[in-house]
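Okay, so the sequence shown: first residue is 11 according to this note's numbering, each after it adds one. Worksheet for the structure shown next.
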Amino acid sequence: MVKAVIKYTREILNTISTTLKATLRNDTVNTVLFTGGRSNLIGQKEVKAHYKFARFVEDSEIANVLGFYK
């Protein structure tokens, strides 16, 4: 993996972790959904290793447009 992708992935993982700890308290998360073009810049294997409930939308760059088109 490219160094920039590794760095970006770690920043995202840190943000997710911090946000979940601050907002959930005793609640749980079933799924974290990654969408949009930037989700292709994240190391998906690394994210899934940390969060088994992480899901990445297929064709994420155009998924929103396709939803509106339907």
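Cβ atoms here follow ideal geometry from the backbone N, Cα and C, with glycine treated the same way. Quantities reported herein were computed from a predicted structural model and do not represent experimental measurements.
I52 burial status per 10 Å Cβ neighbour count (16 or more: buried): Locating residue 52 in the sequence shown gives position 42, where the first residue counts as 1. Per the 10 Å Cβ criterion, buried.
Pick from T45, T28, A32 and L23 that is closest to V67, judged by C-alpha positions: Taking the first residue of the sequence shown as 1, we reach residue 67 at position 57. Considering only alpha carbons, the answer is T45.
CA-to-CA distance, V39 to S49, given in whole angstroms: Counting from one through the sequence shown, the residue named residue 49 turns up at place 39. Counting from one through the sequence shown, the residue named residue 39 turns up at place 29. Approximately 19 Å between the Cα atoms of the pair.
DSSP-derived helix/strand/coil call for R35: If you number the sequence shown from 1, residue 35 lands on position 25. For R35, the secondary structure class from DSSP, reduced to helix, strand or coil, is coil.
Between the CA atoms of Q54 and D69 - distance to the nearest angstrom: Walking along the sequence shown from the start, residue 69 turns up at place 59. Walking along the sequence shown from the start, residue 54 turns up at place 44. Each residue's Cα considered, the two are about 14 Å apart.
Closest by C-alpha distance to Y61, when choosing among L43, N36 and D37: Position 51 of the sequence shown holds residue 61. Out of L43, N36 and D37, L43 has the C-alpha closest to the C-alpha of Y61.
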